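Input: a single structure, listed below in structure tokens.
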Amino acid sequence: MSEKIFGMDLGTNSFKLYRKGKGIILHQKNIIAIKEQKETSAYGDEAYDMYERAPSYIEVSFPMLHGVIANFQNMQSLLRLFMNDRSLKLTSVGKRDYYIAVPHNITEVEKRAFFDLVAGAGIRAKQIFMVEKPIADALGAGVSVEEAKGIMLVDIGADTTEISILSLGGIVLSKLLQIGGNQLDDAICLQVKKQYNLIIGKKTANRLKCELAHAIPNQEETKTMTILGRDIITGLPVRKEINSAMVYEAIDEYLMTIIDASKVILERTPPELAADIIHSGIYLTGGSSRIQDLDKLFEENLDLKANLVENPEESVIRGLGIVMDSKEYQGLASVMRL
-16 MSEKIFGMDL GTNSFKLYRK GKGIILHQKN IIAIKEQKET SAYGDEAYDM YERAPSYIEV
44 SFPMLHGVIA NFQNMQSLLR LFMNDRSLKL TSVGKRDYYI AVPHNITEVE KRAFFDLVAG
104 AGIRAKQIFM VEKPIADALG AGVSVEEAKG IMLVDIGADT TEISILSLGG IVLSKLLQIG
164 GNQLDDAICL QVKKQYNLII GKKTANRLKC ELAHAIPNQE ETKTMTILGR DIITGLPVRK
224 EINSAMVYEA IDEYLMTIID ASKVILERTP PELAADIIHS GIYLTGGSSR IQDLDKLFEE
284 NLDLKANLVE NPEESVIRGL GIVMDSKEYQ GLASVMRL
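Below is the structure:
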């Protein structure tokens, strides 16, 4: 029976699938390429290779936006393609139970859309369970969530940042910001255009962020990276050397917005829970928490220890696996009937 239980994290940027007893069996970009509005040309990592490179008759898009389903039809097609991927060898698996991680700060209609997505995808759903993302995230970070102890979690994802205070297996406070890795990429694109009259793609901006981004200015060492872009004035492709100081200038305002929102949440946290957080510190998760010195930025501004989680982009799916594998945490999942 255990092989018929699956966990899903439908992230804005990537799709993760967990199979009970086997661990994470799929981690690919959550993107689909559709030819002439009717035929799927590619999906997952293969479609991402086509992103910003495809001709006009092939639409390459991410069906998730700000943590919720933006294009229901495309996401359902993508889910079906992922689950029927030959490499997973799931054709012989009959009726299945699915655990889905969902954001805390969404409406009941948006939450129901996750259920309808899985139920109507033709992937043999038997029962569908919902687990709130901050809960799964904390478990994946190695934190026990059912104790009477305050936990503060800052999940910086691709499109959103979710700041949560947890205790006794529930969410005491939570705030969802429309800031994530994609917004940082956009800011880098804008800064390069403003400073160098150069237009670059989001993939290039993402590489700049991964290679050069610092959360605090680095006076001792300035890294550089050579990129290709299109000159606004001449329209011709040119090379430019970009330094880490420019990248810092582009993303600084967004990172400070996350810091300010974290301060507001801490100010509203009950005193006993705040005392626990002072002792254990803040846990930073999500793919964008990999920005260099982000933990130092939190420590300098909040005067609290910041714990960087290992493989932060997979903490939610790891947490779903813990809920699925352990009877102790089964109560954290709520079932939705077909």
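All residue numbers for the sequence shown refer to my numbering, where the first residue is -16 and numbers rise by one. Glycine included, every Cβ here is placed at the ideal spot set by N, Cα and C. These numbers were taken from a predicted model, which means no experiment stands behind them.
Between A198 and the rest of its own chain, which residues show a CB-CB distance below 6 Å, the 5 nearest in sequence each way excluded? L238, I274, D276, L277, L280
Given a cut-off of 9 Å, decide if S271 and T187 are closer than it, judged by their beta-carbon atoms. no
Using the Cα positions of D138 and G269, report the straight-line distance between them to the nearest angstrom. 5 Å
N165, DSSP secondary structure in three states: helix
H10, DSSP secondary structure in three states: strand
Three-state class that DSSP yields for E250 in the structure shown: helix
Express the C-alpha separation of S39 and I106 in angstroms, rounding to a whole number. 31 Å
Alpha-carbon spacing of I326 relative to I154, whole angstroms: The structure shown does not extend to residue 326, since the chain is modelled only from -16 to 321, so the question has no answer here.
For G164 and E293, I'd like the C-alpha separation in whole angstroms. 18 Å
Distance between V175 and K206 (C-alpha atoms, nearest Å): 16 Å
Three-state secondary structure (DSSP) at K158? strand
Going by DSSP in three states, F98 sits in which element: helix, strand or coil? helix
Residue of L(-7), Y179, L122, I225 minimising C-alpha distance to K94: L(-7)
What does the alpha-carbon distance come out to for the pair I118 and L149? 8 Å
What residue range is occupied by the uninterrupted beta strand (DSSP E) comprising I106? From DSSP, I106 is part of no beta strand (DSSP E); its letter is neither H nor E.
Are the beta-carbon atoms of I300 and M(-9) separated by less than 9 Å? yes
In chain order, what are the residue ranges of uninterrupted beta strand (DSSP E) at least 3 long that sit wholly in the stretch 43 to 94? 79 to 85
Using only the alpha-carbon positions, how far apart do E232 and G184 sit? 18 Å
Does the count of Cβ pairs from the stretch 302 to 319 and the stretch 112 to 129 closer than 8 Å reach three? yes
Have a look at A108 and M47 and give me their C-alpha separation to the nearest angstrom. 21 Å
Boundaries (first-last residue) of the beta strand (DSSP E) holding N226: 220 to 226
Under a Cβ-count criterion, where at least 16 other Cβ atoms within 10 Å of its own Cβ denotes burial, should E22 be classed as buried or exposed? exposed
Straight-line Cα distance separating S157 from D286: 20 Å
Tell me whether the beta-carbon of I(-12) lies closer than 9 Å to the beta-carbon of K12. no
C-alpha distance - I182 paired with K223, whole-angstrom precision: 11 Å
Beta-carbon proximity list for I134, same chain, < 6 Å, skipping 5 on both sides: A121, V126, L149
Sorted by chain position, which residues of the same chain lie with C-beta nearer than 8 Å to E311's C-beta, five sequence neighbours on each side aside? E129
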